[in-house]
Amino acid sequence: MKIFKKRKMKKRVLPDKNLSLLEAKINLKIKNKNIFYEALTHKSYLYFHPHHPYNHNERLEFLGDAIIEFIISWYLFRKFVKFQEGELTLIRASLVNRERLLKLAEKFELEKFMFLGENLSEKGLKTVLSNGVEALVGAIFLDNDLETVKKFIEDNFFEDLGEIIKKRLYKDPKSELQEILQGKYKILPKYVVLKEEGPSHKKKFTVGLYVEDKLISVGEGENKQQAEIVAASKALKKLKKNL
Numbered sequence: 092m093k094i095f096k097k098r099k100m101k102k103r104v105l106p107d108k109n110l111s112l113l114e115a116k117i118n119l120k121i122k123n124k125n126i127f128y129e130a131l132t133h134k135s136y137l138y139f140h141p142h143h144p145y146n147h148n149e150r151l152e153f154l155g156d157a158i159i160e161f162i163i164s165w166y167l168f169r170k171f172v173k174f175q176e177g178e179l180t181l182i183r184a185s186l187v188n189r190e191r192l193l194k195l196a197e198k199f200e201l202e203k204f205m206f207l208g209e210n211l212s213e214k215g216l217k218t219v220l221s222n223g224v225e226a227l228v229g230a231i232f233l234d235n236d237l238e239t240v241k242k243f244i245e246d247n248f249f250e251d252l253g254e255i256i257k258k259r260l261y262k263d264p265k266s267e268l269q270e271i272l273q274g275k276y277k278i279l280p281k282y283v284v285l286k287e288e289g290p291s292h293k294k295k296f297t298v299g300l301y302v303e304d305k306l307i308s309v310g311e312g313e314n315k316q317q318a319e320i321v322a323a324s325k326a327l328k329k330l331k332k333n334l
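Plus 91 on top of the position in the sequence shown (first one is 1) and you've got the working numbering.
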């Protein structure tokens, strides 16, 4: 059985034209091309092309991740003055997650612009693209200023904010699941870390949700809490279908 699905490298346009197309996608003028070439270089590409003149994008990913969290936290803090820390955290998690980053990667057609290795699995590619959006944010910040990256984040991450607030889509699925299970069935869910991987600054957790020793759902996240929330959301969908 093949663990990795081999992908053929796509022919890429000339670098200058490549970044010109990216400029149109992100609606920003690129001044320092080197920063963006680094943001678009995944370390898997360097394995096959060791003479590639740019570093991989993990440092920019680290920076972009911190900037996204800061800008969104700052915005929510000022916008929703009556909300407590717990609610703000849940709203932020609704705005910044793997699904959101993947949607933005698709919007920017990021795969077309990235330097990628040849043996990325489909799951691996999704992780690379979502991390690539964070690296892109880091590059935008370094190439411009805080105000520019703030506008970029507000334009691209807040599309569903109104609906999230109106429908209370940020409600903690763990609490809701526990209320239903405890109230209706007199049982509680149990969360177990199945896997922990990645560098210390960018961990990925896989958590299994068990009810009476039966695995009900699995969730992934950048921390244990986020993975538990994803697992609880999946379990809630299954449970509500049977209620």
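Using N, Cα and C, we set each Cβ at its ideal position, and we do this for glycine too. Quick caveat, the model's predicted, so the values are computed rather than measured.
What are the start and end residues of the beta strand (DSSP E) that includes residue i?
{"i": "residue 301", "result": "295-302"}
{"i": "residue 282", "result": "281-288"}
{"i": "residue 309", "result": "305-312"}
Can you list, in chain order, the residues of its chain whose CB lies under 6 Å from that of residue i, leaving out five sequence neighbours each side?
{"i": "residue 233", "result": "126"}
Can you tell me the Cα-Cα spacing of residue i and residue j, whole angstroms?
{"i": "residue 249", "j": "residue 123", "result": "27 Å"}
{"i": "residue 114", "j": "residue 121", "result": "7 Å"}
{"i": "residue 187", "j": "residue 144", "result": "32 Å"}
{"i": "residue 139", "j": "residue 295", "result": "25 Å"}
{"i": "residue 208", "j": "residue 223", "result": "14 Å"}
{"i": "residue 290", "j": "residue 239", "result": "29 Å"}
{"i": "residue 170", "j": "residue 179", "result": "10 Å"}
For residue i, I'd like the list of residues in its chain whose CB is within less than 7 Å of its CB, leaving aside the five on either flank, ordered along the chain.
{"i": "residue 319", "result": "265, 282, 298, 310"}
{"i": "residue 193", "result": "217, 220, 221"}
{"i": "residue 151", "result": "129, 130, 226, 229, 230"}
{"i": "residue 147", "result": "132, 133, 134, 137"}
Could you pull the start and end residues of the alpha helix (DSSP H) that residue i belongs to?
{"i": "residue 215", "result": "213-234"}
{"i": "residue 180", "result": "176-186"}
{"i": "residue 193", "result": "189-198"}
{"i": "residue 264", "result": "264-271"}
Under 9 Å, do residue i and residue j count as touching if we go by C-beta distance?
{"i": "residue 204", "j": "residue 110", "result": "yes"}
{"i": "residue 312", "j": "residue 321", "result": "yes"}
{"i": "residue 260", "j": "residue 269", "result": "no"}
{"i": "residue 256", "j": "residue 330", "result": "no"}
{"i": "residue 246", "j": "residue 185", "result": "no"}
{"i": "residue 183", "j": "residue 163", "result": "yes"}
Take residue i and list the residues in its own chain whose beta-carbon comes closer than 8 Å to its own, dropping the five residues that flank it on each side.
{"i": "residue 273", "result": "279"}
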